[in-house]
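From first to last, the protein sequence lines stand for chains A and B.
When we follow the working numbering, the leftmost residue of the first sequence carries the number 29, and every step to the right adds one.
When we follow the working numbering, the leftmost residue of the second sequence carries the number 369, and every step to the right adds one.
For reference, the structure discussed in these notes is given below.
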Amino acid sequence: MEIDPFIFRLSIFILSIFVGYYVVWSVTPSLHTPLMSVTNAISSVIIVGAIIAALAGSSEDIFQTSNIFGFLAIILAAVNIFGGFLVTQRMLQMYKKKKK
Amino acid sequence: MSANLSALFYLISGILFILALRGLSSPETSRQGNYFGIAGMIISIIVTFLTVGNFGTGFIYVLIFLLIGGTIGAFIAFKIPMTAMPELVAGFHSLVGLAAVFVAISAFLKPEAFGLGVIGNIKLASLIEMSLGAAIGAITFSGSIIAFLKLRGIMSGSPITFKGQHLINLILGLSILFLIYYLCRSQSSNIFWSVVVVSFIVGVLLIIPIGGADMPVVISMLNSYSGWAAAGIGFTLENTALIITGALVGSSGAILSYIMCKGMNRSFFNVILGGWGATDQVASSDKKEQKPVKSGNADDAAFLMKNASSVIIVPGYGMAVAQAQHALREMVDALKKNGVKVSYAIHPVAGRMPGHMNVLLAEANVPYDEVFELEEINNDFANCDVAYVIGANDVTNPVAKSDPQSPIYGMPVLDVEKSKSVLFVKRSLSPGYAGIDNDLFYRDNTLMLFADAKKMTEEIVKSL
Chain A
29 MEIDPFIFRL SIFILSIFVG YYVVWSVTPS LHTPLMSVTN AISSVIIVGA
79 IIAALAGSSE DIFQTSNIFG FLAIILAAVN IFGGFLVTQR MLQMYKKKKK
Chain B
369 MSANLSALFY LISGILFILA LRGLSSPETS RQGNYFGIAG MIISIIVTFL
419 TVGNFGTGFI YVLIFLLIGG TIGAFIAFKI PMTAMPELVA GFHSLVGLAA
469 VFVAISAFLK PEAFGLGVIG NIKLASLIEM SLGAAIGAIT FSGSIIAFLK
519 LRGIMSGSPI TFKGQHLINL ILGLSILFLI YYLCRSQSSN IFWSVVVVSF
569 IVGVLLIIPI GGADMPVVIS MLNSYSGWAA AGIGFTLENT ALIITGALVG
619 SSGAILSYIM CKGMNRSFFN VILGGWGATD QVASSDKKEQ KPVKSGNADD
669 AAFLMKNASS VIIVPGYGMA VAQAQHALRE MVDALKKNGV KVSYAIHPVA
719 GRMPGHMNVL LAEANVPYDE VFELEEINND FANCDVAYVI GANDVTNPVA
769 KSDPQSPIYG MPVLDVEKSK SVLFVKRSLS PGYAGIDNDL FYRDNTLMLF
819 ADAKKMTEEI VKSL
């Protein structure tokens, strides 16, 4: 009997929830806003799905409905990736220690 | 690139994303963490290009669209004022949600491109995963839009409730599950579209009954949803990076929701079912009696604080609205010159999103080691001369400790009344979001400063 690859993905998923649980509890409360913006940025890795969708099919016929949805998703995810990481960076630059 | 090799690279991306969150455990390591996140994203995108291996016309278009989106994103990131962070994050959540919906639609329309079978015969597991991803994505999208409109002030922040609301939500929620079940049996595209449409409606209905000050919970919850939507798509695409990220973001949002609910001593369901505040407000204004209030001006406040040895600042949402953080910093600088010890006390639900006050203070160049959380600083109020409450209200109300009848009973509050004197900057005596009178206004050691938070603080700076 072979194990369905789905089970492996499910294992990764469940273990990641545990990793996330412990990692997020260690985040200092003063950085909760950057935490939200950075999680937002990394969840835009959904762009990999958008790229696959956009590039599916032959080169001559690149604007089929499914491709168009892919392109739209690329724009949305790209706004998020650039916006999310940059605004996080901007916020983190502001956190300074007391000058001694 | 072979599927196995790309899977390994996606795993590396996933690990870099974990390290990105890990970096946020302290401000020193946080910037490095953000770079890990960026590196993970770049690896994911490049690996995807190499795996698809289609560098024709389509590739050029992908780059163009990537650039368009990126430019818009970068522009927003540099222009956005820090006070607008809550609505920005809500807006970004909506984009992730919609992107998830689009990817799911695309996968449904052309399953062979994703290796999920052919139209009309998509693998059962993939169909469940993509429809769940689409449903959660759609709920995230429309819910975040509503949250955005409320935070932006385009839509009223007060809860919108109607009879049978919860029943309708329940029926719609169950109908999504039923539709997905039916979709798996029939593979019909009409049913797939119905799932998406019903989910959009659920998203709207889910957020409209939730009021302004509960926004920290709403934003955290939508953060969590956007993660689960990403994970659903990750299963569809069999992509490790997406599955890991989805799980991380999902649990992150869930933990933040939990922390916010605990900060208000309310259960998650109590917040989600909404309606707190709107009805209470009427009741409390009826029985309002005239109680004596001491009010003062900027000179009184300046005199009190100048002669104090320690001052604790309690900022709240009102500070964000008035954009008073810079004036506040100037006031603190002036006080420090006079040898006064100043620290800041932040309640977990101060503001409209988790950590909102900390970001604003950081923007005003307040060193983060002068800013303390509720548990760290609450005992210090007893030894403090002046508590300066600026734009906060419910989170200081002692009634939460004394009156079991009060709607906020049991909510952790800052013990400002224990300090020798309390300065309360507020525009009027009106109650806060919870709709209850704050006992603190009428205490002997309280001096009300009736003014706009920014103006009052600036005047205090002048008279210092």
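Every residue, glycine too, gets a C-beta built ideally from N, C-alpha and C.
- Residue range 709 to 714 is occupied by the beta strand (DSSP E) that includes residue 711 of chain B.
- If you draw a straight line from the Cα of residue 617 of chain B to the Cα of residue 371 of chain B, it comes to about 25 Å.
- A straight line joining the alpha-carbon of residue 68 of chain A with that of residue 595 of chain B spans about 8 Å.
- Contact with chain B is found for residue 75 of chain A, since one of that chain's Cβ atoms lies less than 9 Å from the residue's Cβ.
- B:800 is the residue among B:795, B:793, B:800, B:796 whose C-alpha sits nearest the C-alpha of residue 775 of chain B.
- Listed along chain B, no residue sits closer than 7 Å to residue 29 of chain A by beta-carbon distance, the nearest being about 18 Å off.
- By the neighbour-count criterion, in which a residue is buried when 16 or more other Cβ atoms sit within 10 angstroms of its Cβ, residue 591 of chain B is buried.
- Residues of the region 488 to 500 of chain B with a C-beta atom less than 8 Å from some C-beta of chain A are 493, listed in chain order.
- Taking every protein chain shown into account, the CB of residue 93 of chain A has fewer than 16 other CB atoms within 10 angstroms, so this residue is exposed.
- Pairing residue 573 of chain B with residue 474 of chain B, the inter-Cα distance amounts to about 26 Å.
- Its chain contains 404, 405, 408, 609, 612, 613, 616 as the residues whose beta carbon lies nearer than 8 Å to that of residue 385 of chain B, once the 5 sequence neighbours on both sides are disregarded; these appear in chain order.
- With the criterion set as a beta carbon lying under 9 Å from some beta carbon of chain A, the region 673 to 696 of chain B has no members that meet it.
- A buried status is given to residue 507 of chain B, since no fewer than 16 other beta-carbon atoms sit within 10 Å of its beta-carbon.
- Judged by beta-carbon spacing, residue 825 of chain B lies within the 9 Å limit of residue 692 of chain B, meaning their Cβ atoms are closer than that value.
- A distance below 6 Å between beta-carbons, with the five flanking residues on each side excluded, links residue 397 of chain B to the following residues of its chain, in chain order: 391.
- At a cut-off of 9 Å between C-beta atoms, residue 727 of chain B counts as an interface residue with respect to chain A.
- What residue 406 of chain B touches in chain A, judged by beta-carbon distance under 8 Å, is 113, going in chain order.
- Taking C-beta separations shorter than 7 Å and ignoring five residues to either side along the sequence, the partners of residue 382 of chain B in its chain run 608, 609, 612, 613, following chain order.
- Restricting attention to beta strand (DSSP E) runs no shorter than 3 residues, the region 703 to 790 of chain B encloses them at 709 to 714, 739 to 741, 754 to 758, ordered along the chain.
- Interface criterion not met: the Cβ of residue 771 of chain B is under 9 Å from no Cβ in chain A.
- Of the residues A:33, A:57, A:97, A:102, the one whose Cα lies closest to the Cα of residue 470 of chain B is A:97.
- When the five nearest sequence neighbours on each side are left out, no beta carbon in the same chain lies closer than 7 Å to the beta carbon of residue 723 of chain B.
- Neighbours of residue 715 of chain B in chain A, taken as residues whose beta carbon is under 9 Å from its own, are absent, since the nearest beta carbon is some 11 Å off.
- When Cβ-Cβ separations below 9 Å define contact, residue 700 of chain B makes no contact with chain A.
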